[in-house]
Amino acid sequence: MVFIADEVQTGFARTGAMFACEHEGIDPDLIVTAKGIAGGLPLSAVTGRAEIMDSPHVSGLGGTYGGNPVACAAALATIETIEADGLVDRARHIEQLMKDRLGRLQAEDDRIGDVRGRGAMIAVELVKSGTITPDAELTKALCAGAHAAGVIVLSCGTYGNVLRFLPPLTISDELLIEGLDVLELILRDL
Numbered sequence: 001m002v003f004i005a006d007e008v009q010t011g012f013a014r015t016g017a018m019f020a021c022e023h024e025g026i027d028p029d030l031i032v033t034a035k036g037i038a039g040g041l042p043l044s045a046v047t048g049r050a051e052i053m054d055s056p057h058v059s060g061l062g063g064t065y066g067g068n069p070v071a072c073a074a075a076l077a078t079i080e081t082i083e084a085d086g087l088v089d090r091a092r093h094i095e096q097l098m099k100d101r102l103g104r105l106q107a108e109d110d111r112i113g114d115v116r117g118r119g120a121m122i123a124v125e126l127v128k129s130g131t132i133t134p135d136a137e138l139t140k141a142l143c144a145g146a147h148a149a150g151v152i153v154l155s156c157g158t159y160g161n162v163l164r165f166l167p168p169l170t171i172s173d174e175l176l177i178e179g180l181d182v183l184e185l186i187l188r189d190l
């Protein structure tokens with residue numbers, strides 16, 4: 001059996017490790033990557049064990065967009081930047097800052113049902129006050145209020161009641177705190 005790790009969103013330091021599978025001590029046979037690999041340029045990759053990657057016939061792997069030299073150069077520069085700027089550690093710092101702040105807010109507001117995530121990939125689940133019932137309306141209102149105030153917040157989840165935070169790994173603490181201040185003020189007004 002072949003184990004494939006989908007690291008399209010989670011790869012390249014996003015979760016506080018170079019790849020999310022490292023948190024669980026998993027050594028996958030194949031890793032699928034994209035998004036964070038090339039600093040915004042279109043690139044994806046399948047990386048894996050030699051015995052798997054070498055099994056197709058010569059030129060049996062590839063596609064019409066494969067091997068773009070500009071995107072590949074961007075990927076190398078991205079990896080160098082992650083290492084040189086300590087962005088794996090930065091993601092862990094962002095996690096701690098956000099979870100501390102959002103955890104304090106959760107202790108004060110029972111509409112925050114859960115705060116979870118790893119690294120710079122954090123989610124906040126909103127529920128109806130005093131229950132565990134998902135509150136999609138509150139989530140939608142909070143996202144709209146944040147957008148009007150200049151803070152982009154995405155919603156997700158089966159019930160549309162989860163706020164999804166994916167701040168850049170290069171965001172300053174001051175800017176991140178400013179964004180969290182805006183969210184807190186809007187939530188208090190709702």
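Its first residue numbered 1, the sequence shown is counted upward by one per residue in UniProt numbering.
A virtual CB, placed ideally from N, CA and C, is assigned to each residue, including glycine.
Here the structure is a predicted model, which is why all the values come from computation and not from measurement.
The count of Cβ pairs closer than 8 Å, one atom from the stretch 25-37 and one from the stretch 106-123, stays below three, leaving the stretches out of contact. In the DSSP annotation of this structure, the continuous segment of the alpha helix (DSSP H) that includes residue 90 starts and ends at 87-108. By alpha-carbon distance to residue 126, the top candidate from 30, 118, 154, 147 is 154. For residue 164, the three-state secondary structure derived from DSSP is strand. In this structure, DSSP gives residue 34 a state outside helix and strand, which the three-state scheme calls coil. Taken atom to atom, the span from the alpha-carbon of residue 30 to that of residue 190 is near 45 Å. When C-beta atoms of the stretch 9-18 are compared with those of the stretch 72-89, three or more pairs fall below 8 Å, so the two segments count as touching. Beta bridge pairing from DSSP links residue 127 with 134. Taken through DSSP and simplified to helix, strand or coil, residue 52 comes out as helix.
Of the candidates 121, 179, 75, 173, the residue whose Cα lies closest to the Cα of residue 148 is 179. In the structure shown, residue 116 adopts extended strand secondary structure according to DSSP, grouped into three states. Under the three-state reduction of DSSP, residue 189 is assigned to helix.
In its chain, beyond the 5 residues on either side, 127, 159, 161 have a beta carbon closer than 7 Å to the beta carbon of residue 134.
Within a 10 Å sphere around the beta-carbon of residue 156 sit fewer than 16 other beta-carbons, which makes this residue exposed.
Counted as a single uninterrupted DSSP element, the stretch harbouring residue 76 is not any beta strand (DSSP E) but the alpha helix (DSSP H) occupying residues 69-84. Under the 10 Å beta carbon count, residue 131 is surrounded by fewer than 16 other beta carbons and is classified as exposed. Residue 90 sits buried, since 16 or more C-beta atoms from the chains shown fall within 10 Å of its C-beta.
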